[in-house]
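2 protein chains.
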Amino acid sequence: MKSDIEIAQACPMRHIREIAREVGVEERYLEQYGNYKAKIDDKLLQEKKGPDGKLILVTAITPTPAGEGKTTTTVGLADGLRKLGKKSVVALREPSLGPVFGLKGGAAGGGYAQVVPMEDINLHFTGDFHAIGAANNLLAAMLDNHIQQGNALGIDVKKITWKRCVDMNDRQLRNIVDGLGGRAQGVPREDGFDITVASEIMAVLCLATSITDLKARLGRMVVGYTYEDKPVTANDLKAAGAMAALLKDAIKPNLVQTLEGTPALIHGGPFANIAHGCNSIMATRAALKLGDYAVTEAGFGADLGAEKFLDIKCRMADLQPSAVVVVATVRALKHHGGVAKADLGKEDLAALERGLPNLLRHVENITTVFRLPCVVAINRFPLDTEAELALIADRCRELGVHVALSEVWAKGGEGGRALAEEVVRLCEQPNQFQQAYPLDCSIEEKLRAIVTKIYRGKDVVLTPNAQKQARQLTEQGFGGYPICMAKTQYSFSDNQALLGAPEDFTVTVRNLKVSAGAGFIVALTGDILTMPGLPKVPAAEKIDVDETGKITGLF
Amino acid sequence: MKSDIEIAQACPMRHIREIAREVGVEERYLEQYGNYKAKIDDKLLQEKKGPDGKLILVTAITPTPAGEGKTTTTVGLADGLRKLGKKSVVALREPSLGPVFGLKGGAAGGGYAQVVPMEDINLHFTGDFHAIGAANNLLAAMLDNHIQQGNALGIDVKKITWKRCVDMNDRQLRNIVDGLGGRAQGVPREDGFDITVASEIMAVLCLATSITDLKARLGRMVVGYTYEDKPVTANDLKAAGAMAALLKDAIKPNLVQTLEGTPALIHGGPFANIAHGCNSIMATRAALKLGDYAVTEAGFGADLGAEKFLDIKCRMADLQPSAVVVVATVRALKHHGGVAKADLGKEDLAALERGLPNLLRHVENITTVFRLPCVVAINRFPLDTEAELALIADRCRELGVHVALSEVWAKGGEGGRALAEEVVRLCEQPNQFQQAYPLDCSIEEKLRAIVTKIYRGKDVVLTPNAQKQARQLTEQGFGGYPICMAKTQYSFSDNQALLGAPEDFTVTVRNLKVSAGAGFIVALTGDILTMPGLPKVPAAEKIDVDETGKITGLF
């Protein structure tokens, strides 16, 4: 069996000018990065006339170690729509270098449903993440320099919240003491690094709608507090202009193609726990301008990713989705039914049946809470049996849930025809899209809405600390922001051991902090790791490049 | 008076394909980064036929706070050669983000002798430095992960020499303790960050002649020592392949243009103290392939920059220079003559006369030690008086030293005609280029040759520590490497207060360490700062970008 990178490298790519031309992007809007990557000038969004396409969100059941293939399905659905003669465009997140060198290998789809050039997309791509890292670290350097040079703003070094970042899995940097070495070498303090995708600047870039909006958001970001507990912002440090200058190209969406030549906009990639986990608003808007069908994805399962996509991103960008795809696999549902990872290759209809409620709850949330048409995509894996596939399809149909088998991993767009047909049909239906909560209720009410309506928990509990933070944030004027939940992705609850469709649980919010630039309040239900580590044998050990520049070992 | 960025932004650039076509680079060798930047495929070096051009090195007197304008002169000379109808190409170093946001502003020439697009060149350019930083930090993460996961190689955490890096002036990171927070968070140890340009990978990239050579050099880099004092290399950590994969595009030279449309290859930028301070060998070779005259520069003054260019880079790459330009300014020579910075604007012929020996010693080194033809370029500044300019020219001529007035800052290539004519004439002369020392003598003998022949000190003194290190390095097989001197750039001596042409001094070497990937031994005469800090008012505070992406505040 060919590996992903072998399939990708065997694919003859078309020149990016040609891909752009097909969707009506004139050359003057293109900035080429080599022959197969380009940035699209944001002026296109203002200047291109015509109605927007239909927006399709691809989300998934609760993630398991078995994998769901959300990106693969997203890419394959867009290719499948092309097979039906529809003008589709796909909008995805950019991969981070950290996981590429850690456990995960590449993150650009899989099998015959990939975006290419996969090596470039997985490595530096067009440099967006490096630009975000540089802007993040410029702000950190200006902050510590301000303190070193006299601290006119009166920043309390014990209340600094801004961290440096690096696009690498590097646990050694999680907790550090810096500024050591004497008077001329900074101010000693506890500090730490995040991975670049966890930087608030990543979320800011993905939610910004123009350079002016970007600069305003950057300027509002809180980096710490004074001795009198007043927030200190990037604007106070006069850093927003230089940061925006560093991001002037990073803000432009990147155009590449799928293996089948479908245009793909790949742009931004914020965490899906402490941030909202979707590609940039500008990329999604560009996809809607360029395609009759814009297919995009959200991070983790539908409880986190789809909820944030619909409650945060769609609200901020005034987007109206037409349909939602919930990806499920036989393997992952069996895992929710209690099967250990080693046994997932064996047929087990009983376990599958026990796992199905997880899928059905996500579907019901989409259709009843958000009132959007929804279809289940069963992403076929090689060891799935016909009986297992039939069981899922039968149970869905019995309950009136739309369902389609997706074989895009093995067959590309051809394997996505059935799903594409179902999606086209759903897009024709009118829908009464609504968010899960209004903005003008209290922070606690918003939290309760998410926990009871989406997670189906009994209630939300705020620790005394979180209650105090909720009061402070409301006093500081942040009470009208939407909520960005940071909880485990492995369960509807805040306990990652509760698989399937747990009931009768409460969710405890321990910390509330504002991402003032992004424009949301992050609710933390536990410790969220914002700097991963490398495994015992990092994927990096297998990655190589030959004299001609050909890369091997990405997968 | 217009600022550099205003001049640069007013210049209508030509499409990079056109610039490339003029020097015979076919489109298949080009990877565009937008319309005005491109990477050149390294295959061009193998495939392009025809004789190489003449190599011209631009170096300078001992640097002063007054500035010399070496890059400006390099660019203006290439433009001046074009005015004479010569096919010239310029090869320069890439600027680092750190100084851009710190004190210095831009570093892409000045006035009417600049390379463009100056904003892009000064910010991320084509991402080379970010790629170097990522490779550097991947190696660091793999190193600490190896220790965390059991330390099979027996690495002594007190003997780790590999540092992380960031392309930022950030003194807070000079001295840190990392790996804090408990068992799962790494191993606590003293550590620190360098600025990216100080990474050995920067030197490696600049000295590599192919991807295969790059990978071999990366693999040889020493990251620390075992408990038994055995060197641990990147190869031992299985990191070379992934690092080379990260650098597969960064190794390709970048093509841009001067304000007058002369092709400019801008690639790499290692420190000029702990490293060799020149642009990449691949860029210089490409410039020689593409131009009849390839004009390049070296860091700091001729004692450091030119010496390393000639003794390290030319030796490794088998390059034969045809002429050397030594840049001097009235202001800088008056500074060497004892004038304070505030008074440099006033005519002072006596001080100028006192400062001249600095210039003449550099010239003599070039002509007698290295046996290369040499011309002094007097880089004219607005406040220079005619009497001052005449004094330098007269003294040079009296001593048989070639000299030309350069007015490229104010007039572009037209102001570089006189210098260009002189350079063309010198290039016609045969020369007996030789290095300052052979490789097959001892480390101490090489150090002595540099100190006595180039710096004109009485002798070199090695501390007992350095003597021991010299013995160890020789035993480890590094005795045949060239020397990379890390000393102050502000004096011929190792005491930065000794301006002009000091005599009767000794130079003390305190530390010797091998850069096994770069292939040289770094000799440290004192503490060299490898992580700068930001000034009281960082240049970043003035940098901004408007809604159209236009940047202001770079200078």
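Protein chains in written order, with the numbering used here: chain A, 1445 to 1999; chain B, 1445 to 1999.
Beta carbons: idealized from backbone N, C-alpha and C, even for Gly.
- The C-beta of THR1952/A comes no closer than 8 Å to any C-beta of chain B.
- Apart from the 5 residues on each side of it in sequence, THR1506/B sits with its Cβ closer than 6 Å to the Cβ of GLY1745, ASN1802 in its chain, given in chain order.
- Sequence-distant partners of GLY1743/A (beyond 5 residues in either direction) whose C-beta falls short of 6 Å from its own C-beta, in its chain, are ALA1716, GLY1721, GLY1749.
- Taken in chain order, the complete beta strand (DSSP E) segments of 3 residues or longer contained in the segment 1731–1802 of chain A are 1737–1741, 1765–1772.
- A Cβ-Cβ contact shorter than 8 Å links TRP1606/A with VAL1667/A.
- The beta carbon of LYS1994/A is closer than 8 Å to those of GLN1453 in its chain, skipping five residues each way along the sequence.
- Below the 8 Å Cβ cutoff, chain B contributes no neighbours of PHE1936/A, its closest Cβ being approximately 27 Å away.
- Look at LEU1489/B here: in three-state DSSP terms it is helix.
- Note on ASP1787/A: under 16 other CB atoms within 10 angstroms of its CB, so exposed under the neighbour-count rule.
- By the Cβ neighbour-count rule, VAL1868/A is buried, with 16 or more other Cβ atoms within 10 Å of its own.
- Look at ALA1688/A: its C-beta is under 8 Å from a C-beta on chain B.
- Beta-bridge pairing by DSSP links MET1929/A to ALA1967/A.
- One Cα belongs to PRO1714/A, the other to VAL1813/A, and the distance between them is close to 25 Å.
- For ASP1638/A, the enclosing beta strand (DSSP E) has its first and last residue at 1637–1639.
- Using a Cβ-Cβ cut-off of 8 Å, ASN1698/A does not count as an interface residue toward chain B, since no Cβ of chain B sits closer than that to its own.
- For ASP1496/A, the closest Cβ of chain B is not nearer than 8 Å.
- Not one beta carbon of chain A lies nearer than 8 Å to the beta carbon of ALA1579/B.
- DSSP, reduced to helix, strand and coil, places ASP1448/B within a helical segment of the structure shown.
- For LEU1488/B, the closest C-alpha among the options PRO1826/B, THR1517/B, ARG1472/B is that of ARG1472/B.
- Contact residues of the segment 1604–1628 of chain B toward chain A are VAL1610, ASP1611, MET1612, ASN1613, ASP1614, ARG1615, GLN1616, LEU1617, ARG1618, ASN1619, ILE1620, VAL1621, ASP1622, GLY1623, LEU1624, GLY1625 (C-beta to C-beta distance below 7 Å).
- LEU1651/A sits in a helix when the DSSP states are folded into three classes.
- Of the candidates GLN1879/A, ASP1448/A, GLY1781/A, PHE1922/A, GLY1781/A places its Cα closest to the Cα of ILE1836/A.
- The closest CA to that of ASP1496/A, considering only ALA1504/A, ILE1576/A, LYS1531/A, ALA1967/A, is found on LYS1531/A.
- Bridge partners of ALA1482/B according to DSSP: GLN1476/B, LEU1699/B.
- Among the CB atoms of chain A, none fall inside 8 Å of the CB of GLY1844/B.
- Taking the CA atoms as reference points, GLU1865/B sits about 8 Å from LEU1525/B.
- When secondary structure is reduced to three states using DSSP, HIS1846/A falls in the strand class.
- Of the residues assessed, ALA1579/A falls on the buried side of the cut-off, its CB having 16 or more other CB atoms within 10 angstroms.
- In terms of Cα proximity to ALA1464/A, the closest of GLU1450/A, LYS1483/A, LEU1793/A, ASP1448/A is LYS1483/A.
- Spatial neighbours of ASP1988/A in its own chain (CB-CB distance under 8 Å, excluding positions within 5 residues in sequence) are listed in chain order as ILE1995, THR1996, GLY1997.
- DSSP, reduced to helix, strand and coil, places ASN1589/B within a helical segment of the structure shown.
- Listed in chain order, the positions of the segment 1700–1713 of chain A with a beta carbon within less than 8 Å of a beta carbon of chain B would be empty, since no residue qualifies.
- When the alpha-carbon of ASP1600/B is set against those of GLY1901/B, LYS1674/B, ILE1710/B, the nearest one is in LYS1674/B.
- For PRO1675/B, the pairing in a beta bridge is given by DSSP as TYR1669/B.
- Between ALA1730/A and the set VAL1469/A, ARG1458/A, ILE1449/A, the nearest pair of CA atoms involves VAL1469/A.
- Between VAL1559/A and VAL1519/A a beta carbon distance of about 6 Å is seen, short of the 8 Å cut, so the two are scored as contacting.
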